[in-house]
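Residue numbers (the UniProt record's numbering): 1 to 133. From the three backbone atoms N, C-alpha and C, an ideal C-beta is built for every residue, glycine too.
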């Protein structure tokens, strides 16, 4: 399996650690970057556009972030569509909210929606499947 770059956007350090640990158990060769805010991730995305960083292959996005939410991140990405390398976005949420789940399912940029904590089945779907919606 090829090495992939993964971004985790989540303001909770424990969640970041748990996600990195769970992914590392089955897919240890991936490069993982963590961001505590949407703004931090958007700044990194601009660095990717400037050629200073590699675009991620996958992004695991928490929705319940302070200031700018995960939904704000998706709105900002819409502005860059066509000018950035495509990557897969997966919502990872601690709360099972049917409205958010349906909204994510209908969003063109979102490949899947998973509840925290991630289990092995969810991790495999993120790394193996092409249609997780």
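Requested in this report: Would you check if there are 3 or more beta carbon pairs closer than 8 Å linking the region 116-124 to the region 16-27?
Outcome: In short, these stretches touch, since the Cβ pair count reaches three.
Query raised in the report: Taking the alpha carbon of residue 62 as the point to measure from, which residue in 54, 88, 38, 56 has its own alpha carbon closest?
Result: Numbered from 1 along the chain shown, position 62 holds the residue referred to as residue 62. Selected option, being the one with the closest Cα: 38.
Query raised in the report: Does the region 109-120 come close enough to the region 86-98 that 3 or more CB-CB pairs lie under 8 Å?
Result: Using a C-beta cut-off of 8 Å, the region 86-98 makes contact with the region 109-120, since at least three inter-stretch Cβ pairs fall below that distance.
Query raised in the report: Do residue 70 and the ligand NAD come close, with the Cβ less than 6 Å from some heavy atom?
Result: The ligand NAD is not among the ligands present in this structure, which contains no ligands whatsoever.
Query raised in the report: Can you tell which of 95, 77, 29, 49 has its C-alpha closest to the C-alpha of residue 15?
Result: Position 15 of the chain shown, counted from the first residue, corresponds to residue 15. Ranking 95, 77, 29, 49 by Cα distance to residue 15 puts 95 first.
**Report entry** Nearest-angstrom Cβ-Cβ length linking residue 56 and residue 87, presumed shorter than 8 Å
**Finding:** Reading the chain shown from its first residue, position 56 is the one you call residue 56. Reading the chain shown from its first residue, position 87 is the one you call residue 87. Between residue 87 and residue 56 the Cβ distance is about 5 Å, and since that is below 8 Å, they are a contact.
Query - Residue interval of the beta strand (DSSP E) (run including residue 76) - result: One-based indexing of the chain shown puts residue 76 at position 76. Segment 70-80 is the alpha helix (DSSP H) holding residue 76; no beta strand (DSSP E) there.
Query raised in the report: For residue 41, does the count of other Cβ atoms within 10 angstroms reach 16, so buried, or fall short, so exposed?
Result: Start at 1 with the first residue of the chain shown, and residue 41 comes out as number 41. Its Cβ being crowded by 16 or more others within 10 Å, residue 41 is buried.
Query raised in the report: For residue 17, which of helix, strand or coil comes out of DSSP?
Result: Within the chain shown, the letter at position 17 stands for residue 17. The answer is helix: DSSP assigns residue 17 an H, G or I state.
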